[in-house]
Each structure stands twice: as structure tokens, then as C-alpha cells.
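K.L.:
Sequence order for the protein chains is E and A.
Using my numbering, read the first sequence as starting at 1 and increasing by one per residue.
Using my numbering, read the second sequence as starting at 1001 and increasing by one per residue.
Each residue gets a CB set at the ideal place from its N, CA and C atoms; glycine is no exception.
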Amino acid sequence: MTPKHSIDFCPICGGGLCGVRICGLDETTPHLHGLIVCDECEAIWLEPDISSPYQYPDSNDSRCPICSQPLWGNQSHWADGEEVERLGWKGYTNPNLDAFDDDEEMTIDGGTA
Amino acid sequence: MMKKSSIGAIALAMLLGIYSFAQPVLNQRFGWDLPPLKADQSAHIADARDNRADDSELLYDLLREVSPKRYMSPEGLQYTPGSAEGHRLEHLRRHTADIPSRAGSHGVFDGGMEGALKTIDKAYGRAKKGQRTTRTVDDNRTIYTVDMGGRIGFVGGQNGKQKRNPMARRVRLVLEGDRFITAFPL
């Protein structure tokens, strides 16, 4: 699934979107927190700035570096517009990278549209 | 996890073994005329079953399941559970179809999952030999960009659409050791 809101293209793998992910959406974590995660290589930034230090999750058991819950668990998801605002990260996202509501995959035979 | 075909092959081999043991005893005791099995014939049947079972067990005609939900390619790439999609193979599936509305470029492999996996394995083989490959190591991740010398897919997404979906001839491969994280055409 494509992130709903992203801050940039991934400077590491060159193919991913650095999307805003919100975590802590259930009782397993004490507070809401945000992450920036590349949707291709899974590089993680703890603040909405891709020039800041990043890290990779354990590929065998990906965990949120803040709350240690599963990175892709039910307590987290790609943040919607309201959630980006709650995190205080609205000013960091690039609207040109937003996913469309009708974001659907389309097979193109032979590579031509 | 043992597949039905393997169980079937084992069961057949056991039946043949029981038959070859029981045949002379039954003939002698009841005066029957059951034909004997030739030893090499029964072995060949069992072997053929085993071979057929092995081939049929390959996922996408390429990947062997080495433990539950963990698959190994001929070149030694491991496809394991993980990613937002739940399994690296499901993540790869995103790159077998275009997402025209996705911001930036979205590489799409030719040939569906089978085509993507074969191309990736070929790319990994070349990457290991350093053939037409650039390599970046970052912490425990290795990122290869491999020139495949010909079309392996096309560039989709918004950028690709603007450029009329040009062909892609390079593969970017992100690994952790020999564990597949992602790959896409460039």
C-alpha cells in the first residue's frame, strides 16, 4: 500500500516514498508517535527530515524503534491528513507526493499504456 | 511441511516395497502367479515421482520452500515474511503491475511474478559476480543496481506515464545479506 502522505522520495533506495506513519493507535503503547518510513526499503527516520539519522528495522521482525511494537502491526498505519496534523508534521509533507484516493494497480501488457 | 505429492511418492514406494516382499510369499502359500517387480523398475518409478513432486513444489516455477513461508531461489536469494504486505513476495507483486497515480516512478517487471523472480535471480547472479553492477553497502543492507543489457520491464507511475512508459533495463535490488527486501526495474 502506498503512503497517503510523504515528505520526499527515498534518498537511499531511490524508488520509495518516505511516508508518514502513525503508531500507538491502541492500548499497547502509551502515546501516539510518528515515523517516516520508506515504503520500498523500509528505512526509518524518527523525525520528518530525511537528512537526519535513519535506521533499518530487523527484516525478520520489523519493530517500531520507539515503542517496539510490530512496525506493520494493527497499532500503526500510514497516516491520513488529520493524523499528520495531530503529529504536527503537516508542514513537512509534500502534497505532490500524496496518494490518490483511486490509487489502483493496473497491468499494462507489453509495457505500453 | 510435507506436500501431498511427497506423501504420495513415499506411500507408493512403501507399497512397492511391501509388494516385492509379499509377492513370492503369497505365490508360494496360495499358489498364485503374481508377477515379480524388477528392482530397478520400482526404483525408477519412485525416482520419477520424487522428481515430479519436486518440480511441482516450486513456487512460481522457481522458488523452493525451505521452511514454512520461507523460499529460496536457485541463486540463493531468500524470500521471507516481512514488509507492509506481510511477505516479501507480496511486496514484489506491487512491481508486477503499474500504479499510474503513484508519485514519481514505479518500476514494473515484465512477465508477472514468474518473470520478475527470474529477472531478479539473474540480476542477483550477475551482482554476485560484479557484472555490470554497482554496489552500495549501508549498515546491514546492500543495494545493487544491475544493468541487464535489455528490456526487463518498464517505468510506470506518474513519471513513467509522462514519458509514455519507457522500457527499463536495470534492476535495483535491496538485500539484507541474502534476504530479499525489495527490487524494482529502473
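What does the Cβ neighbour count give for GLU47 of chain E, buried or exposed, with the cut at 16 atoms within 10 Å?
P.N.:
exposed
K.L.:
In angstroms, rounded to a whole number, what distance separates the CA positions of THR1096 of chain A and LEU1089 of chain A?
P.N.:
11 Å
K.L.:
From ASP1098 of chain A to LEU1059 of chain A, what distance separates their C-alpha atoms?
P.N.:
Distance between ASP1098 of chain A and LEU1059 of chain A, taken at the CA atoms: about 23 Å.
K.L.:
List the residues of chain A whose Cβ lies closer than 9 Å to the Cβ of ASN60 of chain E, in chain order.
P.N.:
THR1080, PRO1081, GLY1082, GLU1176 and ARG1179
K.L.:
Considering ILE36 of chain E, what are the terminal residues of the beta strand (DSSP E) in which it resides?
P.N.:
33-38
K.L.:
For my contact list, ASP39 of chain E and THR2 of chain E are in at a C-beta cut-off of 8 Å; report their separation, rounded to the angstrom.
P.N.:
6 Å
K.L.:
Mapping DSSP to helix, strand and coil, what is LEU1059 of chain A?
P.N.:
strand
K.L.:
For chain E, find out if any of its Cβ atoms is closer than 7 Å to the Cβ of SER1101 of chain A; answer yes or no.
P.N.:
yes
K.L.:
Provide the residue span of the alpha helix (DSSP H) that contains HIS1091 of chain A, from first to last.
P.N.:
1088-1093
K.L.:
With the cut-off set at 7 Å, would you say ALA1197 of chain A and VAL1171 of chain A are in Cβ contact?
P.N.:
Missing from the structure shown is residue 1197 of chain A; chain A here goes from 1001 to 1186 and no further.
K.L.:
Which class does PRO1185 of chain A belong to by DSSP, given the choice of helix, strand or coil?
P.N.:
strand
K.L.:
Could you check whether the Cβ of PHE1109 of chain A sits closer than 7 Å to any Cβ belonging to chain E?
P.N.:
no
K.L.:
Please say whether CYS67 of chain E and GLY41 of chain E have beta carbons closer to each other than 7 Å?
P.N.:
Reading off the sequence shown, one finds Cys at residue 41 of chain E, where the question assumed Gly. No.
K.L.:
I'd like to know if LEU46 of chain E contacts chain A, where contact means its C-beta is closer than 7 Å to some C-beta of that chain.
P.N.:
In terms of beta-carbon proximity, LEU46 of chain E stays away from the interface with chain A, with every pair separated by 7 Å or more.
K.L.:
Using a Cβ cut-off of 9 Å, which residues of the segment 13-34 of chain E contact any Cβ in chain A, in chain order?
P.N.:
CYS13, GLY14, GLY15, GLY16 and LEU17
K.L.:
Of the residues A:PRO1100, A:PRO1185 and A:LYS1128, which one's Cα is nearest the Cα of LYS1152 of chain A?
P.N.:
According to the sequence displayed, residue 1152 of chain A carries Ile and not Lys. Ranking A:PRO1100, A:PRO1185 and A:LYS1128 by Cα distance to ILE1152 of chain A puts A:PRO1185 first.
K.L.:
Can the beta-carbon of LEU32 of chain E be found less than 7 Å from the beta-carbon of ILE44 of chain E?
P.N.:
no
K.L.:
Could you tell me whether any Cβ in chain E is nearer than 7 Å to the Cβ of ARG1141 of chain A?
P.N.:
Nearest CB-CB separation between ARG1141 of chain A and chain E: below the 7 Å threshold.
K.L.:
Rounded to whole angstroms, what's the CA-CA distance from MET1167 of chain A to PRO95 of chain E? Just pull it up for me.
P.N.:
Their Cα atoms are separated by approximately 28 Å.
K.L.:
Against ASP1138 of chain A, what residues of chain E qualify as contacts under a CB-to-CB distance less than 7 Å, listed in chain order?
P.N.:
Those are ILE12, listed as they occur along chain E.
K.L.:
As an exercise, report each continuous beta strand (DSSP E) stretch of at least 3 residues that is fully enclosed by the segment 1091-1117 of chain A, in chain order.
P.N.:
1106-1109
K.L.:
Using a threshold of 7 Å, state whether the C-beta atoms of LEU1092 of chain A and THR1142 of chain A are closer than that.
P.N.:
no
K.L.:
Beta-carbon of THR2 of chain E versus every beta-carbon of chain A: anything under 7 Å?
P.N.:
yes
K.L.:
By how many angstroms is the C-alpha of GLN1162 of chain A removed from the C-alpha of ARG1064 of chain A?
P.N.:
Straight-line spacing of the CA atoms in ARG1064 of chain A and GLN1162 of chain A works out to 39 Å.
K.L.:
Below 8 Å on the Cβ atoms is my contact criterion, and I expect THR1145 of chain A with THR1134 of chain A to pass it. Report the Cβ-Cβ distance as a whole number of Å.
P.N.:
5 Å
K.L.:
On the three-state DSSP scale, how would you describe GLY91 of chain E?
P.N.:
Of the three classes helix, strand and coil, the one that applies to GLY91 of chain E here is helix, per DSSP.
K.L.:
Going by beta carbon distance, what residues of the same chain come within less than 7 Å of ARG1179 of chain A, once the five residues before and after it are set aside?
P.N.:
GLN1078 and THR1080
K.L.:
Please check if any C-beta of chain E sits within less than 7 Å of the C-beta of VAL1171 of chain A.
P.N.:
The beta-carbon of VAL1171 of chain A is placed no less than 7 Å from the nearest beta-carbon of chain E.
K.L.:
Which residues in chain A have a C-beta closer than 8 Å to the C-beta of ASP39 of chain E? List them in chain order.
P.N.:
ALA1084
K.L.:
For TRP72 of chain E, list the residues DSSP reports as bridge partners.
P.N.:
According to DSSP, which records beta bridges pairwise, TRP72 of chain E is partnered with nothing at all.
K.L.:
Compute the Euclidean distance between the alpha carbons of ASP80 of chain E and ASN1140 of chain A, then round it to the nearest angstrom.
P.N.:
31 Å
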